[in-house]
Amino acid sequence: MKDIELAPRYAAIGVGGAGCEVIDRIYKVLPAADTIAINCDKDAMQRTMADKKLYICKSVTNGEGAKGDVRLGRDCAKAHIDDIEKAMLGYDAVFIIAGMGGGTGTGATPVIAEKALSMGIMTFVIAIEPFSFESGRTKAAKEGIAKIRQVCHNTLVVSNDLLLQSMPDATMRKAFETVNASIASFIERKAALIKECFESEFKAISAEVLTNGLGSGSTADLIDSVHIRPKTAKE
1 MKDIELAPRY
11 AAIGVGGAGC
21 EVIDRIYKVL
31 PAADTIAINC
41 DKDAMQRTMA
51 DKKLYICKSV
61 TNGEGAKGDV
71 RLGRDCAKAH
81 IDDIEKAMLG
91 YDAVFIIAGM
101 GGGTGTGATP
111 VIAEKALSMG
121 IMTFVIAIEP
131 FSFESGRTKA
141 AKEGIAKIRQ
151 VCHNTLVVSN
161 DLLLQSMPDA
171 TMRKAFETVN
181 ASIASFIERK
191 AALIKECFES
201 EFKAISAEVL
211 TNGLGSGSTA
221 DLIDSVHIRP
231 KTAKE
């Protein structure tokens, strides 16, 4: 095993629109985390706050975006894989956040996760499911999550449906702010665990994260008990 510094470096990576919205939040509230935004939507990218930004569309779609096409999202990531690899160099752990059902998040995330793992980086994926009433996105989301899990065993799924059920009186904006804050809390807590155990318990970190969930705290408890569901036998 390579020598590892006592203070491991980690990054939060947002892929696609939903993932970059979470990254924008993490950039503002979690200064210890390096943030990387990856998107095919140039306008959305300009609105996102992040330490590094990768616009991965122009060479594949002439700058028109993935437009919900999973294949295009995958092809864009593959076309820019050298840029993605360069952005991830030097990190010991990455947390990849992406919404499922659209083109960029669904298509690019497995490519990015696979590259991170091939670089020897401890990799976690947080996949955000669409609402059940978004019928056009549900099938693609399920297929995307299955593909991600083939690549990365440390995959957590956040359910928008369960989010709304747990906050019946909240506005949609408030609900999304809550889940974004909870994901930031997850990353902060697990990064602290990685820092504490990185040298002595490196091999046990993945199992520890998936077994113990997010830990204590109001938003952490909420997302742990309601929004993140475990893998089922059918997935």
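The working numbering puts the sequence shown at residues 1 to 235. Glycine residues also receive a C-beta, built at the ideal position from the N, C-alpha and C atoms. For clarity, every value in this text was computed on a predicted model and none was experimentally measured.
How many Å lie between residue i and residue j at the Cα?
i, j, result
"Gly16", "Val60", "16 Å"
"Glu114", "Lys174", "33 Å"
"Ser159", "Leu117", "25 Å"
"Leu214", "Lys195", "Caution is warranted here: a pLDDT of 42 is assigned to Leu214, below 50, making its placement in the model unreliable, and the coordinate value is therefore given only provisionally. Those two C-alpha atoms are separated by around 16 Å."
"Val29", "Met172", "21 Å"
"Phe186", "Val22", "12 Å"
"Val125", "Cys152", "7 Å"
"Met49", "Pro31", "12 Å"
Which residue wins for smallest C-alpha separation from residue i, given the options the options?
i, options, result
"Glu85", "Ala141, Ile128 and Ile112", "Ile112"
"Thr104", "Tyr10, Phe124, Pro8 and Cys20", "Cys20"
"Cys57", "Met49, Ala77 and Arg47", "Ala77"
"Asn180", "Ile26, Tyr10 and Pro8", "Ile26"
"Asp41", "Val29, Ala66 and Thr35", "Ala66"
"Ile148", "Tyr91, Pro110, Thr35 and Met45", "Pro110"
For residue i, which residues in the same chain have their Cβ closer than 8 Å to its Cβ, ignoring the five residues on either side in sequence?
i, result
"Ile145", "Met100, Ala127, Glu129, Thr155, Val157 and Glu235"
Cutting at 6 Å between CB atoms, please list the residues of its own chain near residue i, excluding the five before and the five after it.
i, result
"Gly102", "Gly16 and Gly68"
"Thr232", "Residue confidence is low: Thr232 scores 45 on pLDDT, short of 50, so the model does not pin down where it sits. No coordinate-derived value is stated."
"Asp83", "Leu54"
Do residue j and residue i count as a contact pair if the criterion is CB distance below 9 Å?
i, j, result
"Ala12", "Ile97", "yes"
"Ala87", "Leu54", "yes"
"Ala140", "Val94", "no"
"Ala33", "Gly14", "no"
"Arg74", "Ala108", "yes"
"Arg9", "Asp24", "no"
Using the DSSP secondary-structure output, state which residues sit across from residue i in a beta bridge.
i, result
"Tyr55", "Asn39"
"Ile97", "Gly14 and Ile126"
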